[in-house]
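Q: Starting off with a structure, shown below.
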């Protein structure tokens with residue numbers, strides 16, 4: 007249904023003047039619908055066209071440009087293109103900090119996404135301070151049970167137990183964090199939710215490494 011609505015939106019507004027913004031919105035709707043339908047490779051050229059249009063005609067709307075870049079990064083991440091996603095997410099996070107500050111919801115969300123990309127590429131030295139900075143802001147603004155807050159915690163724990171030189175204290179901290187994430191996800195999302203199961207698997211791996219330490 008969402009994909010059909012995305013195509014309908016694009017067909018409705020593609021003939022409108024590019025300067026009134028509706029073409030950009032229609033491209034964004036179509037790109038988002040394609041990604042939600044698992045068609046990220048098709049979404050990327052749509053979003054790239056949207057980004058070019060925004061930069062050409064709406065260069066003062068930094069928020070709109072950053073939002074489109076974030077959507078592009080998510081598509082690359084879904085396709086396993088971690089290097090491409092990381093470059094885009096660095097740009098988005100820096101822009102969000104400049105526009106909104108470090109404690110805004112959109113900044114925290116995009117910082118979480120950046121942390122995921124850093125984790126995927128084993129860039130632990132950069133991921134660790136970023137996630138430690140994001141976590142208290144996420145707790146205060148979004149709440150301890152918010153999915154983004156839990157993602158930040160889980161990624162922080164991943165860093166702590168994946169760093170080659172991690173100490174036993176690091177591993178204990180990772181286990182404690184993951185235990186909390188598993189407990190909250192069971193309470194909030196239920197024991198069978200994919201995110202709960204993901205956290206449980208991560209906790210098992212952390213405990214196995216701690217047992218070998």
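Numbering (our numbering), first residue to last: 7 to 219. We treat Cβ as the ideally placed atom computed from N, Cα and C, and that holds for glycine.
(1) Which two residues bound the contiguous alpha helix (DSSP H) that contains residue 70?
(2) Starting from the C-beta of residue 212, find all residues in its chain whose C-beta is less than 8 Å away, skip the five residues before and the five after it, and write them out in chain order.
(3) Just to confirm before moving on: does the CB-CB distance between residue 63 and residue 25 stay below 7 Å?
(4) Under 7 Å between the Cβ atoms of residue 148 and residue 154?
(5) For residue 22, which residues in the same chain have their Cβ closer than 7 Å to its Cβ, ignoring the five residues on either side in sequence?
(6) Mind listing, in chain order, the continuous alpha helix (DSSP H) runs of no fewer than 4 residues lying wholly within the segment 145 to 209?
(7) I need the DSSP call for residue 214, collapsed to helix, strand or coil.
(8) Please determine, among 48, 46 and 72, the residue with the shortest C-alpha to C-alpha distance to residue 58.
(9) May I ask you to report which of helix, strand or coil DSSP gives residue 42?
(10) Using only alpha-carbon positions, find the residue among 137, 130 and 54 that is nearest to residue 6.
(11) Would you identify the three-state DSSP class for residue 21, choosing helix, strand or coil?
(12) In terms of residue numbering, what span does the alpha helix (DSSP H) encompassing residue 112 cover?
(13) Quick one: what does DSSP say residue 53 is sitting in, helix, strand or coil?
(14) Does the distance from the CB of residue 143 to the CB of residue 122 come in under 7 Å?
(15) For residue 84, collect the residues of the same chain with a Cβ closer than 6 Å to its Cβ; drop the 5 residues on either side in sequence, then sort them by chain order.
(16) Who are the Cβ neighbours of residue 127 in its own chain at under 8 Å, not counting the five residues just before and after it?
(17) Do you know how far the Cα of residue 102 is from the Cα of residue 207?
(18) Return the chain-ordered list of same chain residues with a C-beta closer than 7 Å to the C-beta of residue 215, the five sequence neighbours on each side being excluded.
(19) Just reading off the alpha helix (DSSP H) that residue 101 is part of, what are its end residues?
A: By the coordinates alone:
(1) That run of the alpha helix (DSSP H) goes 68 to 84.
(2) Same-chain partners within the cutoff: 163, 167, 177, 180, 181 and 184.
(3) Yes, Cβ-Cβ distance for residue 63 and residue 25 is below 7 Å.
(4) For the 7 Å CB-CB criterion, residue 148 and residue 154 form a contact.
(5) Excluding sequence positions up to five before and after residue 22, its CB lies within less than 7 Å of the CB of 28 and 29, all in the same chain and listed in chain order.
(6) Taking only runs of at least 4 residues, the alpha helix (DSSP H) segments lying wholly in the segment 145 to 209 are 153 to 168 and 174 to 195.
(7) DSSP, read as helix, strand or coil, puts residue 214 in helix.
(8) Nearest of 48, 46 and 72 to residue 58, Cα basis: 72.
(9) Residue 42: helix per DSSP, three-state reduction.
(10) Only positions 7 to 219 of the chain appear in this structure, which leaves residue 6 out of reach.
(11) In the three-state scheme derived from DSSP, where H, G and I count as helix and E and B as strand, residue 21 is classed as coil.
(12) Looking at the DSSP string, the run of the alpha helix (DSSP H) that includes residue 112 is 111 to 126.
(13) Residue 53: helix per DSSP, three-state reduction.
(14) Using a Cβ distance threshold of 7 Å, residue 143 and residue 122 do not count as a contacting pair.
(15) Around residue 84: 46.
(16) Correct list, in chain order: 88, 89 and 92.
(17) Cα to Cα, residue 207 sits roughly 32 Å from residue 102.
(18) So the qualifying residues of the chain are 167 and 177.
(19) 88 to 106 is the span of the alpha helix (DSSP H), which, as asked, contains residue 101.
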